[in-house]
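Asks: Residue numbers (the working numbering): 5 to 287.
We treat Cβ as the ideally placed atom computed from N, Cα and C, and that holds for glycine.
Would you mind keeping the following structure in view while I ask a few things?
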């Protein structure tokens with residue numbers, strides 16, 4: 005028996021990164037998974053479906069732009085018509101528009117970020133919750149970020165939107181718990197995606213800095229965070245709702261001063277390895 009046998013899941017933003025890792029893991033656990041993205045790079049979906057071949061569960065792909073209300077409704081209607089139920093809803097799609105000083109923030113970027121991380125999850129919940137009530141329950145997982153817990157170095161809607169997502173999820177949990185619906189937040193920090201692997205391979209000093217920024221020694225991989233998501237999707241987390249499960253390898257738990265000291269030591273070491281003999285304080 006797989007941990008998700010018989011369950012149907014929707015995962016948004018699921019042809020790359022965490023969403024893809026979760027889709028494959030859910031299918032290995034026996035779930036039927038509806039995946040989606042904007043469709044800008046069809047090869048991503050093709051690769052996902054190829055990797056899913058032969059798994060105990062099933063993965064299907066539908067193009068869906070979560071910035072488009074019609075697309076959201078259509079994806080949920082497709083899932084209902086195809087499988088007759090929705091047990092797990094994962095709001096994972098993300099956009100991260102650039103931030104900066106207050107005069108550099110573009111209103112459209114701000115509004116788009118809020119829509120992706122707050123409004124789109126609301127719209128998906130409006131579609132799936134009535135069906136979850138009818139079938140006796142379900143699990144809603146909203147993927148936030150450590151930037152929704154602590155402040156950042158520039159003005160961006162990303163952190164505020166993720167903070168709002170955390171509160172929204174807690175409210176869902178309280179409102180619909182009696183109907184058997186659990187709602188939880190999964191909060192990772194930055195992850196070791198393929199793009200980040202490439203960046204770190206080409207920058208030893210940055211690799212060293214990253215290794216000390218995380219108390220566990222490195223960022224999470226998407227697969228490691230997907231393991232946590234599987235727990236929230238499964239009946240093993242039946243007692244868990246309204247919770248923000250932080251899977252950031254200790255980033256938000258640490259004292260910033262401790263992190264700063266470790267970071268300075270690592271930079272000194274990296275510079276010495278690159279042949280820089282001295283670090284002159286103040287320069």
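Using a threshold of 7 angstroms, state whether the C-beta atoms of residue 160 and residue 195 are closer than that.
Replies: Translated into the one-based positions of the chain shown, residue 160 becomes position 156. Translated into the one-based positions of the chain shown, residue 195 becomes position 191. Taking 7 angstroms as the Cβ cut-off, residue 160 and residue 195 do not qualify as a contacting pair.
Asks: Just to confirm my understanding: we take residue 122, look at its own chain, exclude 5 residues before and 5 after, and list those with CB closer than 8 angstroms. What are they?
Replies: Taking the chain shown and counting its residues from 1, one reaches residue 122 at position 118. Only 165, 168, 169 and 172 meet the Cβ criterion.
Asks: Decide if residue 290 is buried, meaning its Cβ has at least 16 other Cβ atoms within 10 Å, or exposed.
Replies: Outside the modelled stretch of the chain, which goes from 5 to 287, sits residue 290, for which no answer is possible.
Asks: Whole angstroms are fine: how far does the CA of residue 181 sit from the CA of residue 117?
Replies: Walking along the chain shown from the start, residue 117 turns up at place 113. Walking along the chain shown from the start, residue 181 turns up at place 177. Roughly 28 angstroms separates the two Cα atoms.
Asks: Take residue 176 and list the residues in its own chain whose beta-carbon comes closer than 7 angstroms to its own, dropping the five residues that flank it on each side.
Replies: Position 172 of the chain shown, counted from the first residue, corresponds to residue 176. Within the same chain, residue 176 has close Cβ partners 129, 144 and 187.
Asks: Would you mind stating whether residue 83 and residue 65 have Cβ atoms separated by less than 7 angstroms?
Replies: In the chain shown, the residue the question calls residue 83 occupies position 79. In the chain shown, the residue the question calls residue 65 occupies position 61. No, the pair does not count as a contact, with Cβ atoms beyond the cut-off.
Asks: Per DSSP, what are the beta-bridge partners of residue 19 in this structure?
Replies: Here residue 19 is taken as the residue at index 15 of the chain shown, counted from 1. Per DSSP, none; premise fails for residue 19.
Asks: So residue 33 packs on residue 52, CB below 8 angstroms; how close in whole Å?
Replies: Taking the first residue of the chain shown as 1, we reach residue 33 at position 29. Taking the first residue of the chain shown as 1, we reach residue 52 at position 48. Not really, about 16 angstroms apart at Cβ, beyond 8 angstroms.
Asks: Exposed or buried, which one is residue 131 when buried takes at least 16 other CB atoms within 10 Å?
Replies: In the chain shown, the residue the question calls residue 131 occupies position 127. The residue is buried, with at least 16 neighbouring Cβ atoms inside 10 Å.
Asks: I'd like to check one pair, residue 246 with residue 174: are the Cβ atoms closer than 7 angstroms?
Replies: Taking the chain shown and counting its residues from 1, one reaches residue 174 at position 170. Taking the chain shown and counting its residues from 1, one reaches residue 246 at position 242. Going by C-beta atoms, residue 174 is nearer than 7 angstroms to residue 246.
Asks: Restricting to Cα atoms, I'd like to know which of 86, 183 and 95 is closest to residue 149.
Replies: Here residue 149 is taken as the residue at index 145 of the chain shown, counted from 1. Answer by Cα proximity: 95.
Asks: What is the rounded straight-line gap between the Cα of residue 7 and the Cα of residue 61?
Replies: Counted from its first residue, the chain shown places residue 7 at position 3. Counted from its first residue, the chain shown places residue 61 at position 57. Cα-Cα distance, rounded: 11 angstroms.
Asks: Assuming residue 74 is part of the alpha helix (DSSP H), what are its boundary residues?
Replies: The residue labelled residue 74 in the question sits at position 70 within the chain shown. Start and end: 73-87.
Asks: Below 8 angstroms on the Cβ atoms is my contact criterion, and I expect residue 162 with residue 69 to pass it. Report the Cβ-Cβ distance as a whole number of Å.
Replies: Stepping through the chain shown from its first residue, residue 162 is reached at position 158. Stepping through the chain shown from its first residue, residue 69 is reached at position 65. Contact flag wrong, Cβ pair sits at about 19 angstroms.
Asks: With DSSP as the reference, label residue 41 as helix, strand or coil.
Replies: Sequence index remark: in the chain shown, residue 41 carries index 37 (1-based). Residue 41 falls in the strand class under three-state DSSP.
Asks: Would you say residue 92 and residue 13 are within 7 angstroms of each other, going by their C-beta atoms?
Replies: The residue you call residue 92 lines up with position 88 of the chain shown. The residue you call residue 13 lines up with position 9 of the chain shown. Yes, they are a contact pair.
Asks: Helix, strand or coil for residue 51 per DSSP?
Replies: Here residue 51 is taken as the residue at index 47 of the chain shown, counted from 1. Residue 51 falls in the helix class under three-state DSSP.
Asks: Per DSSP, which one or two residues make a beta bridge with residue 67?
Replies: In the chain shown, the residue the question calls residue 67 occupies position 63. The partner list for residue 67 (beta bridge, DSSP) reads 41.
Asks: For residue 185, which residues from the same chain have a beta carbon less than 6 angstroms from its beta carbon, with the 5 sequence-adjacent residues on both sides left out?
Replies: Residue 185 sits at position 181 when you count from the first residue of the chain shown. Around residue 185: 136, 141 and 142.
Asks: Assign residue 241 to one of three DSSP states: helix, strand, or coil.
Replies: Taking the first residue of the chain shown as position 1, residue 241 is located at position 237. Note: residue 241 maps to helix in three-state DSSP.
Asks: Classify residue 93 as helix, strand or coil using the three-state DSSP reduction.
Replies: By one-based count along the chain shown, residue 93 stands at place 89. In the structure shown, residue 93 sits in a strand (DSSP, three-state: E or B).
Asks: What does residue 190 pair with, by DSSP beta-bridge criteria?
Replies: In the chain shown, the residue the question calls residue 190 occupies position 186. DSSP output for residue 190 lists 147 and 249 as bridge partner(s).
Asks: Since residue 19 contacts residue 49 with CB under 8 angstroms, what's their CB separation in whole angstroms?
Replies: Translated into positions along the chain shown, residue 19 becomes position 15. Translated into positions along the chain shown, residue 49 becomes position 45. About 5 angstroms; that satisfies the 8 angstroms criterion.
Asks: For residue 197, which residues of its own chain have a beta-carbon under 6 angstroms away from its beta-carbon, when the five flanking residues on both sides are left out?
Replies: Taking the first residue of the chain shown as position 1, residue 197 is located at position 193. So the qualifying residues of the chain are 21.
Asks: Hey, would you say residue 193 sits closer than 7 angstroms to residue 231, going by beta carbons?
Replies: Residue mapping note: residue 193 aligns to position 189 of the chain shown, counting from 1. Residue mapping note: residue 231 aligns to position 227 of the chain shown, counting from 1. Not a contact, by the Cβ cut-off of 7 angstroms.
Asks: Could you spell out the range, first to last residue, of the alpha helix (DSSP H) harbouring residue 113?
Replies: Numbered from its first residue, the chain shown carries residue 113 at position 109. First-last of the alpha helix (DSSP H) with residue 113: 111-118.
Asks: Helix, strand or coil for residue 169? Go by DSSP, reduced to three states.
Replies: On the chain shown, residue 169 is found 165 positions in, with the first residue counted as 1. Reduced to three states, the DSSP call for residue 169 is helix.
Asks: Straight-line CA distance for residue 206 to residue 183?
Replies: Translated into positions along the chain shown, residue 206 becomes position 202. Translated into positions along the chain shown, residue 183 becomes position 179. Cα-Cα distance, rounded: 51 angstroms.
Asks: Less than 7 angstroms separating the beta-carbons of residue 244 and residue 191?
Replies: Within the chain shown, residue 244 is the residue found at index 240, counting from 1. Within the chain shown, residue 191 is the residue found at index 187, counting from 1. Not a contact, by the Cβ cut-off of 7 angstroms.
Asks: Measure the C-alpha to C-alpha separation of residue 110 and residue 119 and round it to an integer number of angstroms.
Replies: Translated into positions along the chain shown, residue 110 becomes position 106. Translated into positions along the chain shown, residue 119 becomes position 115. Going from the Cα of residue 110 to the Cα of residue 119 covers about 14 angstroms.
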